[in-house]
């Protein structure tokens, strides 16, 4: 069964008098364990597609099913719970909580989900170790490099075993060494935890690592290729 | 977790938070201390009214207050005392004879209320004995062979039984009070001259001192030069029980000083037996019975109970005898509320402004929190807690400072000597000892927390309106 099923989805924005179709009849599905990238030129609809899959935005047509949930049927408050329970987010600008340490950032969503303290600690230790930051538990984001912050963000996204991880341009702000290191970690987690990753990117290094490359142009899928 | 994040967020921009906390602390201090100072004036006035002038409850013959007729005495005084003694909360009682009369000296005469008192019992109820000016007599001490009278300083001045002389002792006192030597040198020209009235002495001082010196030091100079004419006599004239004019010479055996000029100039006290024999009233007859309670809070409870138990008498609490004072006390409570409300409203605007800045600066972060699953209630709580922390930290600091300053000034007092004449003319002390109840601190703390919560609503609503997609992408 597909983790994400997208059926003939449209998303239009009304910018003054002109209607802009950011997504124009996309049909896709993502299976468990996918390591897929969505590529395309600026304005092709990559980020909009990820926002729709992540329940951050609602389509103007078509339907998206995630883990049995039809997203268009969820109320805003239900969408928040849906995101917390089923989706892991990795943002371009890391977006960690600056006043919390690396460990506290990782356990943040576990906290929201009211995990027991001991269980949170075990999972946090395990994830920070997986992303190579077991010695930076108590570091604040301002004390970490960009690459390290993004690794903490990946650990946070994975913490509560979501259905999939959405990563919007995760390497855009990283140098090549940090980007490669981050991709190594994501690949390892994809392999070890069978975690589904869906990226949007311009970065050729990400495309090279992906198992599946979906190309968007003017809101339409123009190619969907496996690349092992 | 939300609490922890909110607390840490408060300290993200330390200087901004410290400015707001300082503003809250100063505002709370200003409010609490001002109210404590205002409150002290009322509390001291009530305290003086109860402990020096009225006590808690007075019981009169039903017609006594309307006619003031000497014949309106209390019938069956022993039964009345029995009822009072058996009433829980009543700790002391005494009877008084109260008649209107005229006090005269060779140069002046004035209308007074003559109170015949049982000296020993009065000492257990009133603190007037503590108001005796040292060296003016011993009215509350050993009995004298002659008719003795206890009068107020104001009346003593009106009747010219006080004089002013700058003696050697007075000069030594002025030096010890820190009066500049230039002023003392000028005052030398008045050495040992006797001034029979306050006015004549003031004019003499005014003629030799500069206006600023006079304004600054006249109070201390008068205090040093003031002396009582020992053995002064005054004539008290009044009607006896048969409505015949009578009277007698009384020797002043004590002068009291309170903060109430009216009380000082109208009330004179003589031993009840002397007045009884002069008026021809029978043994055990009184016009008024005065009851002292365990504490002032019992007044409203016991007064109606006594009124029910004593239907043939007029039972009045001090609040009913001086309704203006009771009304002022009630009104001041409302004024304190308005005063604190204005201060807290001003603080609320400061907090709203700060929190709004904090929310707008953290648009991306708040959007991210919403994106990863932090619900609206938690985001609202986080912003609200930040606001509450700001206000409560400032509030607690403000109250600690207030408490310390109130404790210090309550010990030494605030001397508004410049306004003493005006304040004492209406019965208020110019020497304030700020005081405020624990209840006020508790109420203020609750109000500060409420201010924090209310101040957070607008910024928190702004935060909730953020669209996560736009918030994350926008900088």
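Protein chains in written order, with our numbering: chain A, 23 to 250; chain B, 5 to 479.
Note that the Cβ used here is the ideal one computed from N, Cα and C, for glycine as well.
This structure is a prediction, so every number in the text was calculated from the model and none was measured.
1. Against chain A, does residue 263(B) count as a neighbour if the rule is that its beta carbon must be under 7 Å from one of theirs?
2. To which residues of the same chain is residue 196(A) closer than 8 Å at the C-beta, ignoring the five residues directly before and after it?
3. Tell me the DSSP secondary structure of residue 134(B) in three-state form.
4. What does the Cβ neighbour count give for residue 479(B), buried or exposed, with the cut at 16 atoms within 10 Å?
5. Where are the beta strand (DSSP E) runs, 3 residues long or more, that stay fully inside the segment 59-104 of chain B, in chain order?
6. Applying the 10 Å Cβ sphere with the 16-neighbour rule, what's the burial state of residue 154(B)?
7. Out of 130(B), 73(B) and 418(B), which has the shortest C-alpha to C-alpha gap to residue 247(B)?
8. With a threshold of 7 Å between beta-carbons, can residue 105(A) be considered close to chain B, or not?
9. Taking DSSP's pairing of strands, which residues face residue 250(B) in a bridge?
10. Can you pull the DSSP bridge partners for residue 198(B)?
11. Evaluate contact between the segment 21-28 of chain B and the segment 382-398 of chain B, counting only Cβ atoms and requiring at least three cross-stretch pairs below 8 Å.
12. Taking just the CA atoms, how far does residue 51(A) sit from residue 32(A)?
13. Given that residue 374(B) touches chain A, what residues does it touch there, using C-beta distances under 8 Å?
14. Counting pairs of beta carbons, one from the segment 68-82 of chain A and one from the segment 135-147 of chain A, are three or more of them closer than 8 Å?
15. For residue 322(B), which three-state DSSP category applies?
16. Would you say residue 157(A) lies against chain B (beta-carbon separation less than 7 Å)?
17. Would you call the segment 434-449 of chain B and the segment 409-417 of chain B in contact, with 3 or more CB pairs under 8 Å?
18. Would you please state the rounded distance, in angstroms, between the beta carbons of residue 242(B) and residue 251(B)? I believe it to be under 8 Å.
19. In chain order, what residues of the same chain have a beta carbon less than 7 Å from the beta carbon of residue 236(B), not counting five sequence neighbours either side?
20. Can you list the alpha helix (DSSP H) stretches of 4 or more residues lying completely in the segment 316-377 of chain B, in chain order?
21. Which of the residues in the segment 115-128 of chain A, read from start to end, lie with their CB under 9 Å from any CB of chain B?
22. CA-CA distance, residue 98(B) and residue 273(B)?
23. For residue 145(A), list the residues DSSP reports as bridge partners.
24. Would a check of beta-carbon distances place residue 55(B) closer than 7 Å to chain A?
25. Any heavy atom of the ligand HEM closer than 6 Å to the beta-carbon of residue 138(A)?
26. Give me the DSSP bridge partner(s) of residue 197(A).
27. Could you pull out every residue in the same chain whose Cβ sits closer than 8 Å to the Cβ of residue 121(A), ignoring the five residues on either side in sequence?
28. Here's the rule: buried if 16 or more other CB atoms are within 10 angstroms of the residue's CB, otherwise exposed. What is residue 178(B)?
29. Taking Cβ-Cβ distances below 7 Å as the criterion, which residues of the segment 56-69 of chain A are in contact with chain B?
30. Near residue 337(B), what residues of its chain come up, given a Cβ to Cβ distance below 7 Å and the 5 sequence neighbours on each side ignored?
31. Roughly how many whole angstroms lie between the Cα atoms of residue 164(A) and residue 7(B)?
32. For residue 353(B), which of 86(B), 452(B), 207(B) and 57(B) has the nearest alpha-carbon?
33. For residue 398(B), which of helix, strand or coil comes out of DSSP?
34. Which one of 117(B), 233(B) and 308(B) has the shortest CA to CA distance from residue 139(B)?
35. Counting along the chain, where does the beta strand (DSSP E) carrying residue 137(A) start and finish?
36. Find the residues of chain B that neighbour residue 131(A), judging by a C-beta separation of less than 7 Å, and give them in chain order.
Straight from the coordinates:
1. no
2. 168, 169, 172 and 204
3. helix
4. Because the pLDDT at residue 479(B) is just 47, under 50, the model does not fix this residue reliably, and the value given afterwards should be weighed accordingly. Burial call: exposed.
5. 61-65
6. buried
7. 73(B)
8. yes
9. 242(B)
10. 169(B)
11. yes
12. 15 Å
13. 102
14. no
15. helix
16. no
17. yes
18. 6 Å
19. 165 and 256
20. 322-325, 327-365 and 367-375
21. 115, 117, 118, 119, 120, 121, 122 and 126
22. 14 Å
23. According to DSSP, residue 145(A) bridges with nothing at all.
24. no
25. Ligands in the displayed structure: none, and consequently the ligand HEM is not present.
26. Residue 197(A) pairs with nothing; no bridge assigned.
27. 162
28. buried
29. none
30. none
31. 21 Å
32. 452(B)
33. helix
34. 233(B)
35. Where residue 137(A) is concerned, there is no enclosing beta strand (DSSP E), given that its DSSP letter is neither H nor E.
36. 376 and 377
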